[in-house]
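Engineer: Dropping a structure here in structure tokens format, bear with me for questions.
Residue numbers (my numbering), protein chains in the order written: chain A, 1 to 359; chain B, 1001 to 1066.
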């Protein structure tokens, strides 16, 4: 049985909110749905609630076991270990992708002369320090910083209303190209970020409170509401045509405000949420390796995983266009086994085992 | 550049040495060494600007096959 970490109900909600907002706060993931992307965002939240419920349920059916333990228990020692190693790779990969996106945003918008590797190293260095101090410190940091993120998103939204920048006609005509692009877009948004919440099955066994499901769903709903707000804001201000042409729509949206530079607020969003997401990914990967070796301390693996995160973030893509192409075309399909197929199998196997015990 | 990368890795390993001296666990030392060697090898490949197939390309070809 793991030692329970003292994380409150609200800290878990904010941790999940930060993780899910991660890099989604600055990206345009729904350009295939164009003016209907707000509907895709709503559908993705509904799917996100289902996904997080499934992940919580897996943890509740396997008390005291993390994803690594559940995989070894359900799939056997050999196949379970192979799947666990693949999951650890997946966690490091997510950390690397978020680091690259964050670094690309900084270099593209603000620090044009700064080498991208320097930004990536700075970000991962801070998060590695955070992870070394454990999950409680990550949770407390998110408790302080995530409310600031929520406030900054609301501030940008309200400033745009005051400036009468919103054009409701940008949302029309409704359902012009049918349901298929909307569903495709909501699928992409489900895999990035909601499906990534499978990572929390590494954390759930360490939390002891009865409101696990409620706190998790609340986290998904808060982040979903913020992503919907950001999508609607960018759509009504920029319109679907311009959104499909720009890399970071929120940066362009805030840049339209005359005599007031609130672009740093967008950067703050990214640094806070992106930092929390990288920290959780590194923590899950380090804990996963420790558990595979039969240990409980994740600390010795924080530095090597942080190093791999930085190296991978630079190595995987040549430029930002390749990055966005890959995220929109390859990532959703690559994620299906990790986010849906294996978790559904684990849920079924756990449920059948529990049912057998009760009969 | 290569010397810089090796120096950075040496500093990072020096930070972790006290932990390994305190808890002499062979499995942890082995896993740590493997991950750090992998990190160092990839860093040197990046520093020397050697072009090798990236994981994204491999994943993309697997996804395209399906």
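Ideal placement from N, C-alpha and C gives every residue a C-beta, glycine not left out. No experiment lies behind these values; they were computed from the predicted model shown.
1. Relative to the alpha-carbon of residue 140/A, which residue among 74/A, 11/A, 339/A has its alpha-carbon at the smallest distance?
2. By the three-class DSSP mapping on this structure, what secondary structure does residue 61/A have?
3. Which parts of the region 228 to 309 of chain A are runs of the alpha helix (DSSP H), unbroken and 4 residues or longer, counting only runs that do not cross its ends?
4. Below 8 Å, can you find three or more Cβ-Cβ pairs linking the region 286 to 302 of chain A to the region 84 to 96 of chain A?
5. When you compare the CB positions of residue 191/A and residue 337/A, do they come within less than 8 Å of one another, or not?
6. Report the residue ranges of all alpha helix (DSSP H) runs contained in full by the region 147 to 209 of chain A; include only those spanning at least 4 residues, in chain order.
7. Pull up the distance between the alpha-carbon of residue 117/A and that of residue 125/A, whole angstroms please.
8. Would you tell me roughly how many angstroms separate the C-alpha atoms of residue 1019/B and residue 37/A, rounded to the nearest one?
9. Enumerate in chain order the residues of its own chain whose CB-to-CB distance from residue 61/A is below 7 Å, with the five nearest sequence positions on each side excluded.
10. So for residue 136/A, helix, strand or coil by DSSP?
11. Can you find a CB in chain B that lies within less than 8 Å of the CB of residue 262/A?
12. Please check if any C-beta of chain A sits within less than 8 Å of the C-beta of residue 1065/B.
13. State the DSSP-derived secondary structure class of residue 1021/B, mapped to helix, strand or coil.
14. Among 319/A, 129/A, 145/A, 234/A, which has the Cα closest to the Cα of residue 1016/B?
15. Give the DSSP-derived three-state secondary structure of residue 1048/B in the structure shown.
16. Quick check on the DSSP output: the alpha helix (DSSP H) that includes residue 113/A runs from which residue to which?
17. Does the Cβ of residue 241/A have 16 or more other Cβ atoms within 10 Å, making it buried, or fewer, making it exposed?
18. Pair every Cβ in the region 300 to 314 of chain A with every Cβ in the region 142 to 157 of chain A, then say whether three or more of these pairs are closer than 8 Å.
19. Is residue 360/A close to chain B? Criterion is C-beta to C-beta, closer than 8 Å.
20. Quick check on residue 1061/B: does DSSP put it in helix, strand or coil?
21. Let me check understanding here. Comparing Cα to Cα, which of 248/A, 347/A, 42/A lies closest to residue 106/A?
22. Which same chain residues end up closer than 6 Å to residue 103/A when comparing Cβ atoms and leaving out the 5 residues on each side of it in sequence?
23. Going by DSSP, what residue range makes up the alpha helix (DSSP H) through residue 1001/B?
24. Can you find the residues in the same chain that come closer than 7 Å, C-beta to C-beta, to residue 57/A, ignoring five residues on each side of it along the sequence?
25. Could you tell me whether any Cβ in chain B is nearer than 8 Å to the Cβ of residue 317/A?
26. Contact between the region 1001 to 1014 of chain B and the region 1032 to 1049 of chain B is defined here as three or more beta-carbon pairs at a separation below 8 Å; is this criterion met?
27. Tell me the DSSP secondary structure of residue 100/A in three-state form.
28. List, in order along the chain, the chain A residues whose C-beta lies closer than 8 Å to that of residue 1054/B?
29. Count the C-beta pairs between the region 159 to 176 of chain A and the region 19 to 28 of chain A that are closer than 8 Å, then say yes if the count reaches three, no if not.
30. Looking at chain B, which residues of the region 59 to 77 of chain A have a Cβ within less than 8 Å of any of its Cβ atoms?
31. Since I believe residue 341/A is in contact with residue 1060/B (beta carbons under 8 Å), could you give me their beta-carbon distance rounded to a whole number of angstroms?
32. Under 8 Å Cβ to Cβ from residue 54/A, same chain only, skipping five residues before and after it: list those, please.
33. Does DSSP put residue 79/A in a helix, a strand or coil?
34. If I'm right that residue 262/A touches residue 156/A with Cβ under 8 Å, what's the distance once you round it to whole angstroms?
35. Do residue 220/A and residue 20/A count as a contact pair if the criterion is CB distance below 8 Å?
36. Specify, as a first and last residue, the run of the alpha helix (DSSP H) that residue 343/A falls within.
Structural biologist: This is what the structure gives:
1. Here residue 140/A corresponds to residue number 140 of the first chain, with the count starting at 1. Taking only the C-alpha atoms, the option nearest residue 140/A is 11/A.
2. In the first chain, the residue the question calls residue 61/A occupies position 61. Residue state, collapsed to three classes: helix.
3. 249 to 255, 263 to 292
4. yes
5. Position 191 of the first chain, counted from the first residue, corresponds to residue 191/A. Position 337 of the first chain, counted from the first residue, corresponds to residue 337/A. Contact flag unset, no.
6. 179 to 191
7. Numbered from its first residue, the first chain carries residue 117/A at position 117. Numbered from its first residue, the first chain carries residue 125/A at position 125. Rounded to whole angstroms, the separation of the alpha carbons of residue 125/A and residue 117/A is 12 Å.
8. Taking the first residue of the second chain as position 1, residue 1019/B is located at position 19. Taking the first residue of the first chain as position 1, residue 37/A is located at position 37. Going by the C-alpha atoms only, they are around 50 Å apart.
9. One-based indexing of the first chain puts residue 61/A at position 61. Excluding residues within five positions, the ones whose Cβ falls inside 7 Å are 350, 351, 354.
10. As a working note, residue 136/A is residue 136 in the first chain. Residue 136/A falls in the helix class under three-state DSSP.
11. Residue numbering aside, residue 262/A sits at position 262 when the first chain is read from its first letter. No, because no Cβ of chain B sits closer than 8 Å to the Cβ of residue 262/A.
12. Taking the first residue of the second chain as 1, we reach residue 1065/B at position 65. Contacts with chain A at 8 Å (Cβ-Cβ) do not include residue 1065/B.
13. The residue labelled residue 1021/B in the question sits at position 21 within the second chain. It is helical.
14. What you label residue 1016/B is simply residue 16 of the second chain in a count that begins at 1. Looking at the Cα atoms, 129/A is the closest of the given residues.
15. Start at 1 with the first residue of the second chain, and residue 1048/B comes out as number 48. Note: residue 1048/B maps to coil in three-state DSSP.
16. Taking the first chain and counting its residues from 1, the one referred to as residue 113/A is at position 113. Taken as a continuous stretch (DSSP letters only), residue 113/A belongs to no alpha helix (DSSP H), as it is neither H nor E.
17. Residue numbering aside, residue 241/A sits at position 241 when the first chain is read from its first letter. Burial call: exposed.
18. no
19. Outside the modelled stretch of chain A, which goes from 1 to 359, sits residue 360/A, for which no answer is possible.
20. For the purposes of this step, residue 1061/B is identified with residue 61 of the second chain, where counting begins at 1. In the structure shown, residue 1061/B sits in a helix (DSSP, three-state: H, G or I).
21. Position 106 of the first chain, counting from 1, holds the residue named residue 106/A. Looking at the Cα atoms, 248/A is the closest of the given residues.
22. Within the first chain, residue 103/A is the residue found at index 103, counting from 1. Taken in chain order, the residues that qualify are 116, 119, 120.
23. The sequence position of residue 1001/B within the second chain is 1, counting from 1. Taken as a continuous stretch (DSSP letters only), residue 1001/B belongs to no alpha helix (DSSP H), as it is neither H nor E.
24. As a first step, residue 57/A must be located in the first chain, where it is residue number 57. So the qualifying residues of the chain are 347.
25. Walking along the first chain from the start, residue 317/A turns up at place 317. So, interface residue.
26. yes
27. Position 100 of the first chain, counting from 1, holds the residue named residue 100/A. Helix, per DSSP.
28. The sequence position of residue 1054/B within the second chain is 54, counting from 1. 315, 316, 317, listed in chain order.
29. no
30. none
31. Taking the second chain and counting its residues from 1, one reaches residue 1060/B at position 60. Taking the first chain and counting its residues from 1, one reaches residue 341/A at position 341. About 19 Å; that fails the 8 Å criterion.
32. Numbered from its first residue, the first chain carries residue 54/A at position 54. Counting only Cβ-Cβ distances below 8 Å, and skipping sequence neighbours, we find 343, 344, 347.
33. Taking the first residue of the first chain as 1, we reach residue 79/A at position 79. Of the three classes helix, strand and coil, the one that applies to residue 79/A here is helix, per DSSP.
34. Counting from one through the first chain, the residue named residue 262/A turns up at place 262. Counting from one through the first chain, the residue named residue 156/A turns up at place 156. Confirmed, Cβ separation roughly 6 Å.
35. Counting from 1 along the first chain, the entry for residue 20/A is found at position 20. Counting from 1 along the first chain, the entry for residue 220/A is found at position 220. Against a cut-off of 8 Å, the Cβ pair of residue 220/A and residue 20/A comes out as a contact.
36. Sequence index remark: in the first chain, residue 343/A carries index 343 (1-based). Element bounds for residue 343/A: 342 to 358.
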